[in-house]
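> If you want the numbering used here, it's the 1-based position in the sequence shown plus 32.
Where a beta carbon is used, it is the ideal one built from N, C-alpha and C, also for glycine.
Fair warning: this is a prediction, and the values are worked out from it, not measured in the lab.
I have a structure here, written as structure tokens, and I will follow up with some questions on it.
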Amino acid sequence: VPILRGVSFAVQPGECVMLIGPSAEGKTTLARLMMGLWPASGGKVRLDGADVYTWDKAELGPHLGYLPQTVELFDGTVAENVARFGDVDVAEVERVITQVGLAEMVAALPDGLNTRVGEDGAVLSGGQRQRVALARAIYGTPKFLVLDEPNSSLDEAGELALMATLTQLKSQGCCVLVITHRTSVLPAADKVLMLRDGQVAAFGPRDEVLAALQKAQQQAQQQALQQQIAAQAVQQSSGAERAL
Numbered sequence: 033v034p035i036l037r038g039v040s041f042a043v044q045p046g047e048c049v050m051l052i053g054p055s056a057e058g059k060t061t062l063a064r065l066m067m068g069l070w071p072a073s074g075g076k077v078r079l080d081g082a083d084v085y086t087w088d089k090a091e092l093g094p095h096l097g098y099l100p101q102t103v104e105l106f107d108g109t110v111a112e113n114v115a116r117f118g119d120v121d122v123a124e125v126e127r128v129i130t131q132v133g134l135a136e137m138v139a140a141l142p143d144g145l146n147t148r149v150g151e152d153g154a155v156l157s158g159g160q161r162q163r164v165a166l167a168r169a170i171y172g173t174p175k176f177l178v179l180d181e182p183n184s185s186l187d188e189a190g191e192l193a194l195m196a197t198l199t200q201l202k203s204q205g206c207c208v209l210v211i212t213h214r215t216s217v218l219p220a221a222d223k224v225l226m227l228r229d230g231q232v233a234a235f236g237p238r239d240e241v242l243a244a245l246q247k248a249q250q251q252a253q254q255q256a257l258q259q260q261i262a263a264q265a266v267q268q269s270s271g272a273e274r275a276l
């Protein structure tokens, strides 16, 4: 059974799209398809008209940024992890570390950027690992960025840094797709895409989609209330007949 069916939408340079929907609706699957990690059984994900799955990964990779839902860091230094274990551009590493609000934390580490993070980033907290992974995702100023639950382990300061990062990336012409269940990043979103049952339930400008979803929710609540009142009336009528 296909996880996603008939999903079709476009993201323009400088736009941030928030991907929402209930759990197990295919949001992470869509993220992996858009990164070219998985092939689609039908249809294509295209970046500038080219199929991302067949594109040479060594050529495409530097132009993409991906923060997966489960953060994985490798046993190396902070700088190596941020630079994706390629040639370390120290100035660029420092820039993105500052951009995600980690400069003070890194400066407090025993060897700064050269501090080894341990297997799976064991020496860092969950929030710190997530922000290092975010710095890795935006390293080199990618043109297309997918963030899967980027604020799941962030505190208030991390949330503010994430918002500032999204705003700056948009100003640089980056296409951003954010998967989240938390509404704190909504102000940065230009459009909202909602998946339900593996299909696009809504897509469009943020305020229009949210207004439509709120209206639908109110109608559903009103209908449920009317059904409850009707059921109570039937129950009371049955009770009165038994009394007679």
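Counting pairs of beta carbons, one from the region 227–241 and one from the region 65–73, are three or more of them closer than 8 Å?
Too few Cβ pairs lie closer than 8 Å, so no.
> Does residue 176 pass the burial test, meaning 16 or more other C-beta atoms within 10 Å, or should it be called exposed?
Looking at its Cβ environment, which holds 16 or more other Cβ atoms inside 10 Å, residue 176 is buried.
> Residue 39: buried (16+ other C-beta within 10 angstroms of its C-beta) or exposed?
It is buried - the Cβ of residue 39 has at least 16 other Cβ atoms within 10 Å.
> Go through its chain and collect everything with a Cβ distance to residue 277's Cβ below 8 Å, but skip five positions before and after it.
Only positions 33 to 276 of the chain appear in the structure, and residue 277 is not among them; the question remains open.
> Do the CB positions of residue 124 and residue 171 come within less than 8 Å of each other?
Yes, the Cβ-Cβ distance between residue 124 and residue 171 is below 8 Å.
> Might you give, ordered along the chain, the residues of its own chain that have their beta carbon closer than 8 Å to the beta carbon of residue 35, omitting 5 neighbours on each side?
Same-chain partners within the cutoff: 58, 61, 230.
> At what residue ranges does the region 93–180 contain a whole run of the alpha helix (DSSP H), taking only runs of 4 or more?
Complete alpha helix (DSSP H) runs here, min 4: 110–114, 122–131, 135–140, 158–170.
> Does the region 156–170 come close enough to the region 100–114 to have 3 or more Cβ pairs within less than 8 Å?
These segments touch.
> Would you mind sorting residue 160 into buried or exposed? The rule is 16 or more other CB atoms within 10 Å of its CB.
Residue 160 comes out buried.
> Cβ of residue 84 within 8 Å of Cβ of residue 222?
Contact: no.
> Which two residues bound the contiguous alpha helix (DSSP H) that contains residue 63?
Run containing residue 63: 59–66, per the alpha helix (DSSP H) assignment.
> Take the Cβ of residue 129 as the centre, count every other Cβ of all protein chains shown within 10 Å, and call the residue buried at 16 or more, exposed below.
Residue 129 should be labelled buried.
> Does DSSP put residue 219 in a helix, a strand or coil?
Helix at residue 219.
> Taking just the CA atoms, how far does residue 97 sit from residue 87?
If I take the Cα positions, the gap works out to 15 Å.
> In chain order, which beta strand (DSSP E) runs of at least 3 residues are fully inside the region 195–255?
Qualifying beta strand (DSSP E) stretches, in chain order: 207–211, 223–228, 231–237.
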